[in-house]
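Just so we're aligned: 282 in this note's numbering is position 281 of the sequence shown, and the numbers increase by one with no gaps anywhere. Cβ coordinates follow ideal geometry from the N, Cα and C atoms, glycine included.
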Amino acid sequence: MSKNWIRHFELMLLDNEGKGINFTDFKVTFNIEWYNTSFPRAAIFKIYNLSQNTINRITGTEFSKLRLIAGYDGSTSPDGQNEDANFGEIFSGDIRYTITGRDNPTDTFILIQAIDGHEAFISATINQTVAAGYTVADINNLLMRNLAPFGITQGIMPEMPSTVFPRGKTMYGMTRDYLDNVAKQCKATWQFVNGKVDMVPNDKYVHEAIVLNSNTGLIGMPQQTIGGGVNARSLINPNIRLNGLIQLNQESVYRATLSSRDVQMSGGRLEDQNDNGNVTVNGLVNPPASIATDGVYIVRGISYTGDTRGNPWYMDMMCEARGAKDLVTNASRERGL
């Protein structure tokens with residue numbers, strides 16, 4: 002039996018004190034884009050058929066933040082306890098803008114765009130001098146203190162280099178640019194995630210492999226692409242995070258079809274080869290994404306789509322095999338693959 006039973010949905014609009022209103026019982030659609038870059042996550046929500054008073058409150062200045070919790074409640078046991086519950090925070094961010102509209106003569110909506118850590122990303126600056134003898138960890142601590150007024154706290158962090166710098170340094174500019182530098186020295190990527198700075202090393206993962214199959218939420222067959230990794234769709238699962246691992250059945254991955262031009266340009270017979278535990282096709286200018294022989298992939302991009310009154314309730318994932326050295330398209334590279 003599938004563990005994904007009865008959708009769970011909570012959408013809260015909050016003021017600066019954490020007080021607000023909940024739209025759990027309304028028709029809401031949403032789309033959230035989460036990619037492996039330092040640019041913040043962006044989300045679009047449409048809430049339908051609200052009263053004019055509520056619309057006025059949302060379009061005014063009362064609410065500044067938005068929070069989404071989604072997943073599944075699971076089945077209910079005889080003693081009233083929820084079994085196999087799987088829901089959690091999917092997104093939280095700063096409300097950037099709101100507009101109203103109408104889908105048809107009877108259904109109105111308000112559209113809200115929210116961006117994770119938006120105010121900190123565009124407004125946080127630093128102007129400070131550090132004395133000789135500082136370390137990368139010292140710089141990171143200064144940056145975190147600089148972000149505190151925006152409500153940003155420390156999240157996942159890598160091991161910092163032990164290098165002691167013999168000369169002082171003047172820091173002047175956008176805080177995000179200095180976070181880029183810290184991440185570079187740590188061989189990591191960083192991003193604001195639910196009000197925290199997550200900085201994940203390129204060779205580390207935020208969680209162990211979560212098995213995806215038809216019983217745990219996998220929808221259809223994973224698709225091998227050319228230049229865009231291996232793409233998979235599943236029901237919304239808050240435990241699957243960016244830079245985490247998922248495990249697929251290797252034989253379930255639908256292989257990409259090579260064009261006649263690709264085959265003609267290969268200049269020889271095409272064969273699968275095992276490269277560091279991944280199946281690749283040799284002899285191609287633009288080979289398909291590597292297939293992991295153990296079925297384990299790194300999630301490098303997630304797009305959530307939901308409709309509380311419709312069918313959509315899934316997440317599309319752009320993944321890569323561990324240790325793969327695939328060529329990627331510019332569009333995929335911009336998304337952090």
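On the three-state DSSP scale, how would you describe Val137?
helix
Where do the ends of the alpha helix (DSSP H) carrying Lys185 lie?
176-186
Give a yes or no on whether the C-beta atoms belonging to Ile91 and Ile123 are separated by under 9 Å.
no
Which residue comes first and which comes last in the beta strand (DSSP E) that contains Val189?
Looking at the sequence shown, residue 189 is not Val but Ala. Ala189 -> beta strand (DSSP E) spans 189-194.
Cβ neighbour criterion (16 or more within 10 Å) applied to Lys188
exposed
DSSP on Asn63, reduced to helix/strand/coil?
It is worth fixing the name first, because residue 63 is Glu in this sequence and not Asn. Residue state, collapsed to three classes: coil.
Contact check, Asp16 vs Ser65, beta carbons under 9 Å
yes
For Phe46 versus Thr25, is the C-beta distance shorter than 9 Å?
no
With a CB to CB cut of under 6 Å and the five nearest residues on each side skipped, what residues in its chain are close to Asn214?
none
Could you pull the start and end residues of the beta strand (DSSP E) that Asp227 belongs to?
Looking at the sequence provided, one finds Ile at residue 227 rather than Asp. Premise fails: Ile227 is in no beta strand (DSSP E) and is neither H nor E.
Measuring only the C-alpha atoms, how far is Asn277 from Ala325?
8 Å
For the alpha helix (DSSP H) that His119 lies in, which residues bound it at each end?
119-124
For Ile227, the nearest candidate out of Ala184, Pro167, Pro289 (CA to CA):
Pro289
So who's on the other strand from Glu34, going by DSSP bridges?
Ala43, Ser304
Looking at the structure shown, is Thr55 part of a helix, part of a strand, or coil, going by DSSP?
helix
Cβ-Cβ separation, Gly307 to Phe31 (assumed contact under 8 Å), whole Å
5 Å
Using only the alpha-carbon positions, how far apart do Asn203 and Glu321 sit?
13 Å
Relative to the C-alpha of Tyr135, which residue among Ile127, Asn147, Thr171 is closest?
Thr171
Taking its Cβ as the centre, do 16 or more other Cβ atoms sit within 10 Å of Pro223, making it buried, or is it exposed?
buried
Alpha carbon to alpha carbon, how far is Tyr173 from Thr87? Give it in angstroms, no decimals.
The question names Thr, but residue 87 is Asn in the sequence shown. Rounded to whole angstroms, Asn87 to Tyr173 spans 44 Å at the Cα level.
Rank Ile292, Ile56, Arg58 by C-alpha distance to the C-alpha of Gly229 and give the top, closest one.
Ile292
Residue burial classification, Val165 (beta-carbon count within 10 angstroms, cutoff 16):
exposed
Whether Ser39 touches Leu243 by CB criterion (9 Å)
no
Using CA coordinates, which residue listed in Ala184, Thr55, Val137, Asn141 is at the minimum distance from Pro167?
Val137
Are the CB atoms of Lys197 and Gln155 within a distance shorter than 9 Å?
yes
To the nearest angstrom, how far is it from the Cα of Asn5 to the Cα of Tyr73?
6 Å
Secondary structure of Phe10, DSSP reduced to three states:
strand
In angstroms, rounded to a whole number, what distance separates the CA positions of Ala149 and Ala125?
10 Å
Residue from Arg68, Glu34, Leu246, Phe27 with nearest C-alpha to Ser52:
Phe27
Can you tell me which residues form a DSSP beta bridge with Val317?
One detail in the question is off: residue 317 reads as Asp in this sequence, not Val. DSSP output for Asp317 lists Arg234, Ser304 as bridge partner(s).
Starting from the Cα of Gln251, find the closest Cα among Thr294, Val231, Asn279, Asn232 and give me that residue.
Thr294
Taking the beta strand (DSSP E) that Pro202 belongs to, which residues open and close that run?
197-202
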